[in-house]
Structures are given as structure tokens and as C-alpha cells.
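Here the sequence shown stands for residues 218 to 334, where the numbers follow my numbering. Backbone N, C-alpha and C fix where the C-beta goes; we use that ideal spot for every residue, glycine too.
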Amino acid sequence: MQFIWAALGLVCVALALIGVVLPLLPTVPFLLLAAFFFARSSERLHTWLLTHRLFGPMIVDWQQSGAIRPGAKKAATLSIAAVFGLSILLSAPSHVLAIQAVVLGGVLIFIWTRPNG
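Have a look at this one:
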């Protein structure tokens, strides 16, 4: 079972790395999942992820206080605005835009009501 947890953790890290350069794919949720999987499979990988200079502080902030760093909040807001703007430019149907507005609005409310890390 530890092998499966570790494999899932590595997949999540790979998706998070893709999310760093692809604004449509979230980074932090995949890192949080990776930390969860690594905690159940490999103390070495879990420690590596928590002490990583780029990813570690985001995970520790979330684990300790449910906090999101202001820079991450701004980046998420810009990504969400870009996705919604792209949908408008591509003439998505009005019902799709309405669903997006509700879901993305809820995500923004969640993000901006978290404490700053």
C-alpha cells in the first residue's frame, strides 16, 4: 500500500509542477495531496516536500493555520479572471458562463477569506 501512496504523491507533485506554468491547473491543492500521500508512504519524501524552498512554505502555512500567501491569492485571482475572460472571448454559451461565474466566484470567496500566510 505504501508504494501506491508514494506513486500517487509523485503524480500529484508532477501535476503541481505542470500547474506552475499552466494557469488552468492549480498547484497548491496537488501539493497538499502529495503531502498527504507522502505522509502515509515515505517520511523521506514527506520531509523533502515540506522542506522544499518553493513548495514547502505553502504547505506548512496551510497545515498550521489554513493560510494562503497573498501572492498566491493574487495569482489565483488572475488565473480565474483569465479563464473566465477566455470563456467570454470564445463565446461560451450563457449557461456555461453562469455556471463558471458561480463556481469561480465561490472559489474566489474561499481563497480571499483564508488568512494570509
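- At the C-beta level, L262 and G226 come within 8 angstroms of one another.
- Only residues of its own chain outside the window of five on either side were considered, and among them I297 have a CB closer than 7 angstroms to the CB of V324, listed in chain order.
- Taking a contact as a CB-CB distance under 8 angstroms, the pair G334 and I285 counts as one, their CB atoms being some 6 angstroms apart.
- Within the same chain, and ignoring the five residues on either side of E260 in sequence, no residue has its Cβ closer than 8 angstroms to its Cβ.
- Under the Cβ criterion (8 angstroms, minimum of three pairs), the region 242-259 does not count as touching the region 298-305.
- When C-alpha distances from Q281 are compared across M218, P332, Q219, the shortest belongs to P332.
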